Structure formats: C-alpha cells, structure tokens
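2 protein chains.
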Amino acid sequence: MTSSPEVVQLSEVRASCTQCAWQTLCLPASLDGTNLERLDEVVRKRRPLRRGEVLYREGLRHAALFVVRSGTLKTSTTLADGDTQVLGFHLPGEIVGFDGLVDEPHHSTAEALEDSSVCEVPVARLAEIAAQIPLLQQQVYRIMGREFSREQMHAVMMGRRHAMARLALFLHGLSERRRACNHDPDSLHLSMSRQDVANYLGLVIETVSRLFSRLQSLGVLAVDRRAVRILDHAALAELAQGEEDSRATA
Amino acid sequence: MTSSPEVVQLSEVRASCTQCAWQTLCLPASLDGTNLERLDEVVRKRRPLRRGEVLYREGLRHAALFVVRSGTLKTSTTLADGDTQVLGFHLPGEIVGFDGLVDEPHHSTAEALEDSSVCEVPVARLAEIAAQIPLLQQQVYRIMGREFSREQMHAVMMGRRHAMARLALFLHGLSERRRACNHDPDSLHLSMSRQDVANYLGLVIETVSRLFSRLQSLGVLAVDRRAVRILDHAALAELAQGEEDSRATA
DNA sequence: CAGGCTTGTTGATCCTGATCAATGGCGGCC
DNA sequence: GGCCGCCATTGATCAGGATCAACAAGCCTG
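Read top to bottom, the protein sequences are chains P and U. Residue numbers for the first sequence follow our numbering, so the first one is 1 and each next one is one higher. Residue numbers for the second sequence follow our numbering, so the first one is 251 and each next one is one higher.
Here's what the structure looks like:
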C-alpha cells in the first residue's frame with residue numbers, strides 16, 4: 001500500500017509485516033515503510049502449526065525468534081528431577097525464543113496448544129539488518145528488556161503471592177492480552193489444561209480446580225470447562241493484588 | 251600485552267577491558283584486540299560506589315548496562331502494595347541494567363551493598379559499535395538470552411521449591427559464583443542482611459534464620475553472623491535439589 | 001559505659017495449600 | 001450403545017512455612 005505494490009497482494013498480504021495486525025507490538029514498531037520492507041525480507045512467514053506440534057525443542061540449537069500470529073503456544077522445560085515445568089503461554093503478537101539466542105541450545109520447548117501459526121525470524125539475519133537500522137536495533141533491545149522484566153515480575157509473583165492471587169493474576173493477564181488484540185476481554189477460552197495452568201502457577205491441579213470453583217461461587221467468573229467468562233473485573237483485580245489488608249511491611 | 255602497549259599503563263591498566271579479569275564473562279568475550287579497544291572507548295570506567303549508594307533508580311530513565319567490577323549490588327523493585335521486593339544480588343563480573351534498556355524507565359533500583367565499583371556501558375553507544383562488530387552483537391544477544399533464562403529458572407525455583415531448597419540453591423549459587431571468580435568457594439561473606447535474603451527467596455526472615463540454624467546443626471554449614479563456611483557441598487547440592495524421593499510426576 | 005536501636009535467633013500456634021482418595025463427566029473406541 | 005480412560009471436581013487430612021511473641025547480641029550515640 002506504500003511503495004512496493006507488487007509484494008502487497010493476495011494472501012501474501014496477510015503474511016507481510018507491513019500489513020500485520022501485531023505490527024505495533026512486534027519488531028516492526030517504529031519502523032517506516034522502507035525499513036519495514038527490509039525486515040519483511042528476513043522474516044519467514046506463516047509457518048502453520050498443528051495442535052501439539054513442537055516449534056523448537058529443549059537442547060537443540062535453533063537461533064530464531066518466533067512471533068505468534070494465531071493460536072497459542074506453550075513453552076516448558078525439564079527440571080533436574082525429570083519433571084516438566086511450564087514456563088509460559090504465548091498469544092498472538094507475542095514473541096518466543098529468547099533463550100536459545102545465538103549458538104546456545106534452547107533451554108525450553110515450544111509447542112502449539114491449538115492450531116497456530118508463527119512468523120520465524122532467524123536471529124543471524126535479524127542481527128544483520130538491525131545493524132543497519134538503529135531503530136530496529138533499539139526495538140530488539142526494548143523487547144528483550146521487556147521480556148526480562150516480565151520474567152522478573154513472574155518470579156516475584158511465584159514467590160510471594162498466594163494461590164488465589166496467582167490464578168487471578170493469570171486470568172487478568174489473559175484478559176488484558178485479549179483486550180490488546182481487540183478481542184472481548186470478558187470471554188476466555190483456555191487452550192491449556194488445568195494441569196498446565198497449575199504447573200505454570202506452581203500449584204497443584206486440585207488447588208486450581210478449587211479456586212475456579214470458588215471464583216465461580218463468588219460470582220467473579222462463570223466457568224464451563226475451558227470456557228471462562230469474567231463477570232467482575234474489579235473483584236478479580238482485587239484478588240490479584242492479594243487483597244490482604246494494607247499493612248505493608250516496606 | 252597484545253597490540254597497543256601505550257594504553258596498557260599504570261592504574262589505567264585495571265580500568266581497561268583488555269586487562270579486565272571478567273573479560274570472559276562480560277561483553278568482550280570473543281573479541282580480539284582491535285575490537286576490544288573499540289569497546290573500551292565506550293565504556294565509562296571504574297565508577298566507585300559507596301555502601302548504600304544507588305546506581306540507578308526505579309522510574310528513571312538511564313539506558314546503560316553496568317558491569318560489577320568489585321563489591322556487591324542489590325536490585326529491587328517496589329510492588330503494587332508498596333512493599334519492596336529484592337530481585338537479585340550481583341557479584342563481580344555480572345551485569346545489571348537489562349530492564350531500562352532504551353527509552354523505557356527502569357523497573358528496578360540498583361544499590362551497592364558494600365563499597366563497590368562498576369563499569370558503565372551506555373546502551374546507545376554500545377548499540378552503535380555492536381552494529382559494526384557482529385561478534386559483539388552476538389555477545390550482547392547471548393548475554394541477554396542467558397539473563398532471560400536465568401530469570402525463568404528463578405521463577406520456577408520460587409514457585410516449586412521448598413524453603414530449604416531455595417536457601418540451599420542460593421548458597422550453592424553464591425559458592426559457584428565465587429569459584430568462577432577464582433575465590434574460595436567454601437567461604438562466603440554475605441554482604442546482604444537476612445531480611446534481604448528472605449525477601450529475595452520469597453520467605454520470611456524467621457524461616458531463613460531457622461534454616462541457617464538447621465544447616466549448621468546438620469553439619470552442612472558453619473555460620474557466624476554473615477560469615478558462612480560451606481562444610482559439605484554434596485549435602486548442600488542435595489538439599490538444593492529438593493532431595494525428596496524420586497517419585498517424579500512427569 | 002549505659003541505653004536504645006537494629007539485626008538475628010528461637011518458640012508456640014495457625015492457616016494455606018499439598019497429599020491422599022473417591023467420584024463425576026465427557027469423548028473415543030470397539 | 002456400552003465400556004474404558006482421561007480430565008476435572010470435591011472431600012479429608014497433613015505439613016510446611018507464616019505469624020505472633022519474646023529474647024539475645026552487636027553497634028552506634030550520647
């Protein structure tokens with residue numbers, strides 16, 4: 001639509017960064033037309049994934065970032081004792097692959113929880129053009145810094161929050177992420193099992209189940225299997241804060 | 251000692267990347283002489299910090315990375331409820347400042363726990379020369395990826411490990427970091443208070459105190475205030491694993 | 001040196017969430 | 001359609017760590 005009409009055509013349109021719905025969240029943010037096209041060249045587009053399919057696997061080298069375009073991904077790792085630990089869930093517009101940057105093997109496995117599609121951005125080629133486009137370089141740093149901070153906050157949540165606050169925060173976060181995608185923030189379809197949710201939150205499946213029941217009886221949620229409707233955002237947000245009285249310890 | 255003897259002189263020697271003890275851990279890893287000197291130019295050297303002095307503060311913009319050269323830093327953030335949360339402790343050779351990259355304000359505050367010194371690396375200038383030195387660019391990505399994974403693992407630890415495993419892992423980690431600096435890995439001098447340790451581990455000070463006592467009575471540690479001697483590394487490592495019998499859940 | 005203050009240790013009790021156990025609901029397969 | 005197996009829910013009990021409380025040991029100040 002800007003300078004090169006020949007690449008903006010047909011279904012290819014949906015595969016181009018210049019037309020992508022996640023532009024503002026993703027790498028292209030703050031790039032102008034010409035630079036966007038240069039980024040576009042290095043992005044391998046529209047890789048479709050079936051439910052259960054693995055995008056990259058722990059221990060393997062695959063220096064690329066992946067932008068989720070549709071669906072949901074789950075990242076997980078294997079702990080020393082052999083248990084699996086869920087590290088995160090990744091919705092459209094979000095980026096995975098920050099471990100495994102450059103040479104080092106991935107510490108995590110990324111798997112599709114439902115039929116999904118991703119854009120693949122090989123790190124080597126990204127680095128090449130980022131070296132030529134300072135704004136892109138900045139954006140890469142910014143995104144990495146943001147993800148780093150997000151993980152820090154997740155660690156804090158895991159260490160200090162009670163079970164209810166963790167689940168409330170999780171649901172609230174999902175809702176906000178849906179809002180960011182211009183979807184209805186009140187209705188969530190959890191593409192992950194209760195087991196995955198529990199594992200992610202450092203809880204046990206029974207606890208998660210009880211919490212869902214409690215939230216329903218409190219009138220905060222309407223729960224039907226994996227379909228969740230948020231009835232009272234304010235209450236959910238309050239529960240997410242820990243809602244214990246304000247005798248802060250400093 | 252390599253190519254330019256004129257910059258390798260006097261006290262300046264100790265301030266140069268080419269001579270720095272942390273070279274292999276830090277940004278310069280894998281750079282050769284000429285490129286090292288170019289990096290050297292952008293690094294503001296040897297900023298001394300008094301105990302309690304703040305390096306950067308939450309909410310302020312200051313796009314720079316800092317390499318700890320001596321001493322110990324503590325990073326922390328303020329939670330929604332006003333409480334302070336310790337995010338990490340940073341020993342010589344380690345890097346802080348990954349939040350607050352580029353424009354965005356810092357999410358955390360970095361403070362010296364004892365008299366320390368750091369090298370400051372302005373991100374804008376780092377980006378400039380990284381754009382010209384692919385190996386440096388790679389190293390920046392590698393370090394960021396490593397820090398990201400480290401935070402992920404910390405989050406997992408906070409969510410799944412019992413109090414004893416957390417403390418054992420913390421002490422074991424400190425020991426390993428001392429080993430990496432060619433210091434005695436058996437003798438630790440904790441420059442942080444019990445309160446800081448407890449806060450960092452998502453525990454309460456009484457619990458940490460009890461755990462220290464228990465470790466001492468088990469013959470794993472000899473504790474005298476903040477001086478800790480590790481007597482049984484194997485036992486500490488086992489406690490860090492959770493040492494609950496191996497009925498893994500998968 | 002005394003006194004107060006901060007930091008750390010130890011004890012008693014309570015509560016959250018894990019564990020153990022049983023049941024319900026739904027989908028796939030023969 | 002009936003059976004089996006997985007996923008989720010619910011109940012009963014237990015234990016790890018928080019909370020409340022008292023006390024000891026340094027450290028700074030006057």
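Cβ atoms here follow ideal geometry from the backbone N, Cα and C, with glycine treated the same way. Predicted, not measured: the structure shown is a model, and the values here were computed from it.
Point to revise | Own chain partners of U/D495 with C-beta closer than 8 Å, once the 5 adjacent residues on each side are dropped | key: Its pLDDT being 34, under 50, U/D495 is placed unreliably in this model, and the value from its coordinates should be taken loosely. Within the same chain, U/D495 has no close Cβ partners at all.
Review point. Can you find a CB in chain P that lies within less than 8 Å of the CB of U/H404?
Key: Output row for U/H404: interface = yes.
Review point. Does the region 114-123 of chain P come close enough to the region 370-387 of chain U that 3 or more CB-CB pairs lie under 8 Å?
Key: No, the region 370-387 of chain U is not in contact with the region 114-123 of chain P.
Exercise for review: Give the interface partners of U/E401 over in chain P, defined as CB-CB distance under 7 Å, in chain order.
Suggested key: F148, E151, Q152 and A155
Exercise for review: Would you mind reading off the limits of the alpha helix (DSSP H) that contains U/Q284?
Suggested key: Note on residue identity: the sequence assigns Thr, not Gln, to residue 284 of chain U. Run containing U/T284: G283 to V292, per the alpha helix (DSSP H) assignment.
**Study point:** Under 8 Å between C-beta atoms of P/G88 and P/F66
**Key:** No, the pair does not count as a contact, with Cβ atoms beyond the cut-off.
Practice item. Return no unless some Cβ of chain U is closer than 8 Å to the Cβ of P/R69. Key: no
Exercise for review: Closer than 6 Å by C-beta to P/L167: which residues in its own chain qualify, once you throw out the five before and the five after it? Chain order, please.
Suggested key: L211
Check your understanding: Which of the three DSSP states, helix, strand or coil, is assigned to U/P384?
Key -> Of the three classes helix, strand and coil, the one that applies to U/P384 here is helix, per DSSP.
Check your understanding: What residues in its chain sit with their C-beta under 6 Å from that of P/D196, if we drop five residues either side in the sequence?
Key -> V86
Check your understanding: Quick one: what does DSSP say P/R69 is sitting in, helix, strand or coil?
Key -> In the structure shown, the three-state DSSP call for P/R69 is strand.
Review point. Does DSSP classify P/R150 as helix, strand or coil?
Key: helix
Practice item. Return helix, strand or coil for U/R300, following the three-state DSSP convention. Key: coil
Check your understanding: Quick one: is U/E387 near chain P, going by C-beta distance under 8 Å?
Key -> Residue identity differs from the one stated: residue 387 of chain U is Gln in this sequence, not Glu. Taking Cβ atoms only, chain P reaches closer than 8 Å to U/Q387, which makes this a yes.
Check your understanding: Which value, in whole angstroms, describes the spacing of the CA atoms of P/Q132 and P/H162?
Key -> Looking at the two C-alpha atoms, the distance is approximately 47 Å.
Point to revise | Candidates P/T109, P/Y141, P/L215 and P/D99, of which the one nearest P/T84 by Cα | key: Minimum Cα distance to P/T84 is reached at P/T109.
Check your understanding: Does P/A80 have its Cβ less than 8 Å from a Cβ in chain U?
Key -> yes
Exercise for review: Please confirm whether any heavy atom of the ligand GDP lies closer than 7 Å to the CB of U/L281.
Suggested key: The model on display carries no ligand, and the ligand GDP is accordingly not part of it.
Exercise for review: Quick one: which residues of the region 341-365 of chain U get their C-beta closer than 8 Å to a C-beta of chain P? List them in chain order.
Suggested key: F348, D349, G350, L351, V352, D353, E354, H357 and S358
Point to revise | Contact with chain P by U/R392, beta-carbon distance below 8 Å | key: yes
Review point. According to a CB-to-CB cut-off of less than 7 Å, which residues of the region 115-126 of chain P neighbour chain U?
Key: V123
**Study point:** Minimum C-alpha distance to U/L329 - residue among P/R179, P/L136, P/Y56 and P/M153
**Key:** P/M153
**Study point:** Proximity test, Cβ basis, 8 Å: U/L310 and chain P
**Key:** No, its Cβ sits nowhere closer than 8 Å to a Cβ of chain P.
Practice item. State buried or exposed for U/A313, treating a residue as buried only when at least 16 other CB atoms are found within 10 Å of its CB. Key: buried
Review point. If U/S266 sits next to U/D282, beta carbons under 8 Å apart, how far is it from one beta carbon to the other, in whole angstroms?
Key: That belief does not hold up - the Cβ atoms of U/S266 and U/D282 are roughly 15 Å apart, past 8 Å.
Review point. The beta strand (DSSP E) with U/H340 in it runs from where to where?
Key: T334 to H340
Practice item. Could you tell me which residues DSSP pairs with P/P224 in its beta bridges? Key: According to the sequence displayed, residue 224 of chain P carries Asp and not Pro. Looking at the DSSP assignment, P/D224 forms a beta bridge with P/A227.
Review point. Which runs of the alpha helix (DSSP H) fall wholly inside the region 162-226 of chain P and span at least 4 residues, in chain order?
Key: The alpha helix (DSSP H) runs lying completely inside the region 162-226 of chain P and spanning 4 residues or more are 163-180, 194-201 and 205-217, given in chain order.
Review point. Taking C-beta to C-beta, are U/Q388 and P/V140 nearer than 8 Å?
Key: Using a Cβ distance threshold of 8 Å, U/Q388 and P/V140 do not count as a contacting pair.
Review point. Shortest alpha-carbon distance to U/E361 belongs to which of U/R301, U/L486, U/A487 and U/D474?
Key: When each option's Cα is compared against that of U/E361, the closest is U/R301.
Exercise for review: Report yes if the CB atom of P/D184 is closer than 8 Å to the CB atom of P/R178, and no otherwise.
Suggested key: yes
Exercise for review: Return helix, strand or coil for P/E120, following the three-state DSSP convention.
Suggested key: strand
Review point. Are the beta-carbon atoms belonging to P/H189 and P/L236 less than 8 Å from one another?
Key: no
Review point. Cα separation between P/A240 and U/M407?
Key: 21 Å
Review point. Which residues share a DSSP beta bridge with P/Y56?
Key: P/A110
Practice item. With U/A490 as the anchor, note down where its alpha helix (DSSP H) starts and where it stops. Key: H483 to A490
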